[in-house]
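Visitor: The following block contains the structure, expressed as structure tokens.
Numbering (our numbering), first residue to last: 9 to 229.
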């Protein structure tokens, strides 16, 4: 789905995405968080993407590391796909469940600065009686090529991540550090391509040019 929107004029745009073992915070947990930033007018390959993965100090430490990096970017705006409906909500619910607190950066909670590219599309689709579009379907609408991450013989999806890759990574953290390091490479490709997809879709919505660097790439692990 295309969704033309007014250009808010941001010159440095950040993005975020999380990966979990389940879409319900009482049944799953945060595995990895990716954040990125791009300066308007620069080529896609000039964007910075940082990925953070679970370690010995658990989910709160993971969230804090990602929040600190997002703050360090000093971006004007933040773009995400389901970042308000899912990512920020899930993080908050998990921290509450664990009895921990990590202060969310203002850029992620401000309705003027955090542009959730899914929210407007969800509202339109519901109004028109059509299904909610996926991030991949939105890339298709603008002619952007889909990235593909293949793992264990087939394409990685959100469902496979939650049911297979996420649990495998968390298990490896405790009993096979070398395998955990290998699985991080899979997660990195999956995460960073989604981060670039968020940025590409944002620019497409406001009618600005963006030359992607990762979209269309295929990695097999």
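Beta carbons: idealized from backbone N, C-alpha and C, even for Gly.
Please name the residue, chosen from 138, 37, 49, 56, that lies closest to residue 94 on a Cα-to-Cα basis.
Guide: Looking at the Cα atoms, 37 is the closest of the given residues.
Visitor: What residues match up with residue 41 in a beta bridge as DSSP calls it?
Guide: Its beta-bridge partners are 26, 60.
Visitor: Going by DSSP, what residues sit across from residue 122 in a beta bridge?
Guide: 86, per the DSSP bridge assignment.
Visitor: Can you round the beta-carbon distance between residue 59 and residue 42 to whole angstroms, since I take them to be within the 8 angstroms contact cut?
Guide: About 5 angstroms; that satisfies the 8 angstroms criterion.
Visitor: Within its chain, find whatever has a CB closer than 6 angstroms to the CB of residue 9; leave out the 5 residues flanking it on each side and keep chain order.
Guide: Around residue 9: 129, 141, 146, 149.
Visitor: Do three or more CB pairs link the stretch 113–128 to the stretch 69–88 at distances below 8 angstroms?
Guide: Cβ pair count under 8 angstroms is three or more, so yes.
Visitor: Closest to residue 120 by CA distance: which of 26, 21, 163 is it?
Guide: It is 21 whose Cα lies nearest to the Cα of residue 120.
Visitor: Which residues in the same chain as residue 109 place their Cβ atom closer than 7 angstroms to its Cβ, once the five residues preceding and following it in sequence are excluded?
Guide: Cβ neighbours of residue 109 beyond the five flanking positions: 103.
Visitor: Where does residue 134 fall in DSSP's three states?
Guide: Correct three-state label for residue 134: helix.
Visitor: What's the gap between the Cα of residue 106 and the Cα of residue 89?
Guide: Rounded to whole angstroms, residue 106 to residue 89 spans 25 angstroms at the Cα level.
Visitor: Does the Cβ of residue 47 have 16 or more other Cβ atoms within 10 Å, making it buried, or fewer, making it exposed?
Guide: Classification of residue 47: exposed, given that the 10 Å Cβ count is below 16.
Visitor: Quick check on the burial criterion: 16 or more other C-beta atoms within 10 angstroms. Buried or exposed for residue 97?
Guide: Exposed, because fewer than 16 other Cβ atoms sit within 10 Å of the Cβ of residue 97.
Visitor: Quick check on the DSSP output: the beta strand (DSSP E) that includes residue 226 runs from which residue to which?
Guide: It spans 226–228 - the beta strand (DSSP E) in which residue 226 sits, taken as one unbroken run.
Visitor: I think residue 222 touches residue 155, with their Cβ atoms under 8 angstroms apart; what is that distance to the nearest whole Å?
Guide: Contact flag correct, Cβ pair sits at about 6 angstroms.
Visitor: Run through DSSP, which three-state label would residue 97 get?
Guide: In this structure, residue 97 counts as helix in the three-state DSSP scheme.
Visitor: Kindly indicate the opening and closing residues of the beta strand (DSSP E) around residue 158.
Guide: 156–159 is the span of the beta strand (DSSP E), which, as asked, contains residue 158.
Visitor: Quick check on the burial criterion: 16 or more other C-beta atoms within 10 angstroms. Buried or exposed for residue 161?
Guide: Burial call: exposed.
Visitor: Could you please give the first and the last residue of the uninterrupted alpha helix (DSSP H) stretch that includes residue 139?
Guide: Run containing residue 139: none; DSSP gives neither H nor E here.
Visitor: To the nearest angstrom, how far is the alpha carbon of residue 220 from that of residue 52?
Guide: Cα-Cα distance, rounded: 5 angstroms.
Visitor: Straight-line CA distance for residue 190 to residue 201?
Guide: So the alpha carbons of these two residues sit roughly 18 angstroms apart.
Visitor: So is residue 40 buried or exposed if we call it buried at 16+ other beta carbons inside 10 Å?
Guide: By the neighbour-count rule (16 or more Cβ atoms within 10 Å), residue 40 is buried.
Visitor: Could you check whether residue 49 and residue 207 sit closer than 8 angstroms to each other, using their CB atoms as the reference points?
Guide: No.
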